[in-house]
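*Asks:*
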Amino acid sequence: MLFELNNGVKIPVIGLGTWQSTPDEVYNAVTEALAVGYRHIDTAFAYGNEEPIGRAIRDSVIPRNELFVTTKLWSTHHHDPAKALDISLKNLGLDYVDLYLVHWPVAMNPNGNDPKFPSRPDGTRDVDESTNFVETWAKMQQLDPKKVRAIGVSNMSISNLEKLLSAPSTKVVPVVNQVELHPLLPQPNLLKWCQDHKIYLEAYSPLGSTDSPLLSNPTIVELAEKYQVPPATVLISWAIWRKTIVLPKSVTPARIKSNFNVVHLSEADGNIIDKVAHEYGTKRFINPDWGVKIFDDADA
Ligand code: A2P
Numbered sequence: 001m002l003f004e005l006n007n008g009v010k011i012p013v014i015g016l017g018t019w020q021s022t023p024d025e026v027y028n029a030v031t032e033a034l035a036v037g038y039r040h041i042d043t044a045f046a047y048g049n050e051e052p053i054g055r056a057i058r059d060s061v062i063p064r065n066e067l068f069v070t071t072k073l074w075s076t077h078h079h080d081p082a083k084a085l086d087i088s089l090k091n092l093g094l095d096y097v098d099l100y101l102v103h104w105p106v107a108m109n110p111n112g113n114d115p116k117f118p119s120r121p122d123g124t125r126d127v128d129e130s131t132n133f134v135e136t137w138a139k140m141q142q143l144d145p146k147k148v149r150a151i152g153v154s155n156m157s158i159s160n161l162e163k164l165l166s167a168p169s170t171k172v173v174p175v176v177n178q179v180e181l182h183p184l185l186p187q188p189n190l191l192k193w194c195q196d197h198k199i200y201l202e203a204y205s206p207l208g209s210t211d212s213p214l215l216s217n218p219t220i221v222e223l224a225e226k227y228q229v230p231p232a233t234v235l236i237s238w239a240i241w242r243k244t245i246v247l248p249k250s251v252t253p254a255r256i257k258s259n260f261n262v263v264h265l266s267e268a269d270g271n272i273i274d275k276v277a278h279e280y281g282t283k284r285f286i287n288p289d290w291g292v293k294i295f296d297d298a299d300a
């Protein structure tokens with residue numbers, strides 16, 4: 001199943017997530033995913049696994065135009081997205097990516113004490129205050145269209161999106177906003193805002209990340225029994241039911257396969273999952289300390 005992005009590019013609704021998939025694991029994970037039907041792979045420069053992912057894609061011999069590949073601009077590269085994109089394309093061994101995202105709305109010092117996670121002498125992140133994500137986006141808009149078919153953002157709150165879209169330099173509306181989304185963090189306000197602005201949400205950590213309590217959540221388990229599928233399938237199916245793109249991560253062949261076989265949830269059951277956070281509380285699993293405000297409780 002495909003969704004059409006606001007620039008006309010079509011995206012497969014399920015993509016393989018690869019954060020925390022090691023270079024050794026990820027080649028087999030991508031090979032397995034492509035063999036069982038996935039056509040969408042999500043990676044990032046910062047994951048350190050673009051090279052084996054690109055190799056698995058090329059070795060699959062699936063025509064490139066049947067695949068959808070996403071990678072992301074890392075925070076130490078905000079000053080030069082064109083150069084960063086070239087590095088990612090070289091790592092992947094591809095001529096273009098389908099989607100290039102600004103990974104976090106915060107720039108870090110490109111000349112700091114670490115290429116990915118520079119820190120200041122006091123241990124806090126070495127944020128580059130000489131620029132901001134509006135300037136980064138202006139540069140994203142200038143990327144060579146032969147190297148990237150669509151551009152988007154990640155980890156953006158409504159208030160940051162408002163800042164971005166109201167800036168005079170913003171001429172292109174991001175096609176997606178990739179954020180943490182699952183029944184314990186459904187972010188209905190962010191979803192509605194993005195839908196109103198023709199921005200698809202992409203769900204990362206849709207299962208609730210590593211050792212997720214969602215897989216044993218009584219509401220999810222009950223629905224899994226009803227539909228005769230694993231709990232993870234209920235979570236992935238709910239993400240699609242609410243019209244988000246979903247990026248389950250796995251390096252386990254049986255899970256990669258079962259995660260791709262979604263079910264059609266009834267309206268009533270989708271609505272039940274919508275209320276899980278009311279009963280069990282809201283939980284954000286991924287919340288790195290950037291030293292600047294990224295997330296906003298108003299979105300959830
Ligand atoms: P593994 O990669 O070892 O298979 P998320 O997508 O929310 O980040 O969740 C990823 C975590 O969920 C990983 O620990 C992954 O383990 C695990 N996982 C992925 N698919 C399933 C599944 N179908 N059942 C149980 N756990 C799963």
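Take the sequence shown: its letter number 88 is residue 88 in the UniProt record's numbering, and every next letter is one higher. Glycine included, every Cβ here is placed at the ideal spot set by N, Cα and C.
1. Whose CA, out of Val175, Asp122, Val102, lies closest to the CA of lysine 139?
2. Let me know the alpha helix (DSSP H) ranges lying completely inside the segment 113-167, each 4 residues or longer, listed in chain order.
3. Enumerated in chain order, which unbroken segments of the alpha helix (DSSP H) with a length of 4 residues or greater are wholly contained in the segment 159-226?
4. Is valine 148 near tyrosine 100, with beta carbons less than 8 Å apart?
5. Using DSSP with H/G/I as helix, E/B as strand and the rest coil, what is leucine 89?
6. Between Asn189, Glu279, Met108, Val251, which lies nearest to phenylalanine 133 when the distance is taken from Cα to Cα?
7. Flag valine 251 as yes when its Cβ comes closer than 7 Å to any non-hydrogen atom of the ligand A2P, and as no otherwise.
8. From this set, Ser21, Thr43, Gly15, Ala44, which residue's C-alpha is nearest glycine 37's C-alpha?
9. Pull up the CB-CB distance for leucine 5 and valine 175, whole angstroms please, since I reckon it's below 8 Å.
10. Secondary structure at glycine 17, three-state DSSP: helix, strand or coil?
11. Ordered along the chain, which non-local residues of its own chain (more than five positions away) have a Cβ less than 7 Å from that of tryptophan 241?
12. Within 8 Å, do at least three Cβ pairs link the segment 192-208 to the segment 111-123?
13. In angstroms, rounded to a whole number, what distance separates the CA positions of lysine 275 and aspartate 42?
14. Distance, Cα to Cα, valine 97 vs threonine 70?
15. Nearer than 7 Å: is that true of the beta carbon of asparagine 28 relative to any heavy atom of the ligand A2P?
16. Does at least one heavy atom of the ligand A2P sit under 7 Å from the Cβ of asparagine 259?
17. Considering Cα atoms alone, identify which of Ile220, Thr31, Lys116, Lys10 is closest to tyrosine 47.
18. Which residues in the same chain have their Cβ closer than 8 Å to the Cβ of glycine 281, if we skip the five residues on either side of it in sequence?
19. Check this for me: beta carbons of tryptophan 238 and isoleucine 273, under 8 Å apart or not?
20. Can you give me the start and stop residues for the beta strand (DSSP E) that lysine 10 sits inside?
21. For histidine 40, write down the residues that DSSP places opposite it in a beta bridge.
22. Between alanine 232 and the ligand A2P, is the CB less than 7 Å from at least one heavy atom?
23. If you measure from the CB of serine 223, is any heavy atom of the ligand A2P nearer than 7 Å?
24. Considering only C-alpha positions, which residue in the set Val153, Arg64, Pro145 is nearest to residue 307?
25. What are the complete alpha helix (DSSP H) segments, minimum 4 residues, inside the segment 229-262?
26. Let's see if you can read the secondary structure: which residues bound the alpha helix (DSSP H) around tyrosine 100?
27. For the ligand A2P, is there any heavy atom lying closer than 7 Å to the beta carbon of serine 216?
*Replies:* Taking the definition as stated:
1. The count along the sequence shown starts at 1 and reaches residue 139 at position 139. Taking only the C-alpha atoms, the option nearest lysine 139 is Val102.
2. Within the segment 113-167, the runs of alpha helix (DSSP H) at least 4 residues long that lie entirely inside it are, in chain order, 133-140, 158-166.
3. Within the segment 159-226, the complete alpha helix (DSSP H) segments at least 4 residues long are 188-196, listed from N- to C-terminus.
4. The residue labelled residue 148 in the question sits at position 148 within the sequence shown. The residue labelled residue 100 in the question sits at position 100 within the sequence shown. With contacts defined by Cβ atoms closer than 8 Å, valine 148 and tyrosine 100 form a contacting pair.
5. The residue labelled residue 89 in the question sits at position 89 within the sequence shown. Looking at leucine 89 - three-state DSSP - the assignment turns out to be helix.
6. Taking the sequence shown and counting its residues from 1, one reaches residue 133 at position 133. Residue Met108 holds the alpha-carbon nearest to the alpha-carbon of phenylalanine 133 among Asn189, Glu279, Met108, Val251.
7. Residue mapping note: residue 251 aligns to position 251 of the sequence shown, counting from 1. With a threshold of 7 Å, the Cβ atom of valine 251 counts as near the ligand A2P, since some heavy atom of the ligand is closer than that.
8. Within the sequence shown, residue 37 is the residue found at index 37, counting from 1. Nearest option by C-alpha distance: Gly15.
9. Numbered from its first residue, the sequence shown carries residue 5 at position 5. Numbered from its first residue, the sequence shown carries residue 175 at position 175. Their Cβ separation, rounded to whole angstroms, is 4 Å, which keeps leucine 5 and valine 175 in contact under 8 Å.
10. In the sequence shown, counting from the first residue as 1, residue 17 sits at position 17. Of the three classes helix, strand and coil, the one that applies to glycine 17 here is strand, per DSSP.
11. As a first step, residue 241 is located in the sequence shown; it is residue number 241 there, counting from the start. Sequence-distant partners of tryptophan 241 (beyond 5 residues in either direction) whose C-beta falls short of 7 Å from its own C-beta, in its chain, are Leu265, Gly270.
12. With contact defined as three or more Cβ pairs closer than 8 Å, the segment 111-123 and the segment 192-208 are not in contact.
13. One-based indexing of the sequence shown puts residue 275 at position 275. One-based indexing of the sequence shown puts residue 42 at position 42. Aspartate 42 has its alpha-carbon roughly 28 Å from the corresponding atom of lysine 275.
14. Here residue 97 is taken as the residue at index 97 of the sequence shown, counted from 1. Here residue 70 is taken as the residue at index 70 of the sequence shown, counted from 1. Their backbone Cα atoms lie some 6 Å apart in a straight line.
15. As a first step, residue 28 must be located in the sequence shown, where it is residue number 28. Asparagine 28 Cβ: outside cutoff for every heavy atom of the ligand A2P.
16. Walking along the sequence shown from the start, residue 259 turns up at place 259. Yes, the beta carbon of asparagine 259 sits closer than 7 Å to at least one heavy atom of the ligand A2P.
17. One-based indexing of the sequence shown puts residue 47 at position 47. Measuring from the Cα of tyrosine 47, the nearest candidate turns out to be Lys116.
18. Reading the sequence shown from its first residue, position 281 is the one you call residue 281. Within the same chain, glycine 281 has close Cβ partners Leu184.
19. In the sequence shown, residue 238 corresponds to position 238, counting from 1. In the sequence shown, residue 273 corresponds to position 273, counting from 1. Yes, these two residues count as a Cβ contact at 8 Å.
20. Working through the sequence shown from its first residue, we reach residue 10 at position 10. That run of the beta strand (DSSP E) goes 10-12.
21. Your numbering for residue 40 matches position 40 in the sequence shown. Bridge partners of histidine 40: Phe68.
22. The residue given as residue 232 occupies position 232 in the sequence shown. For the ligand A2P, at least one heavy atom lies less than 7 Å from the Cβ of alanine 232.
23. Indexing the sequence shown from 1 puts residue 223 at position 223. First, the amino acid is wrong: residue 223 is leucine here, not serine. Not under cutoff, so the answer is no.
24. Outside the displayed span of the chain (1 to 300) sits residue 307, for which this structure offers no information.
25. Taking only runs of at least 4 residues, the alpha helix (DSSP H) segments lying wholly in the segment 229-262 are 231-241, 253-260.
26. To locate residue 100, count along the sequence shown from 1; it is residue 100. Under the DSSP assignment, tyrosine 100 falls outside any alpha helix (DSSP H), being part of the beta strand (DSSP E) whose first and last residues are 99-102.
27. In the sequence shown, residue 216 corresponds to position 216, counting from 1. Of the heavy atoms belonging to the ligand A2P, none sits nearer than 7 Å to the Cβ of serine 216.
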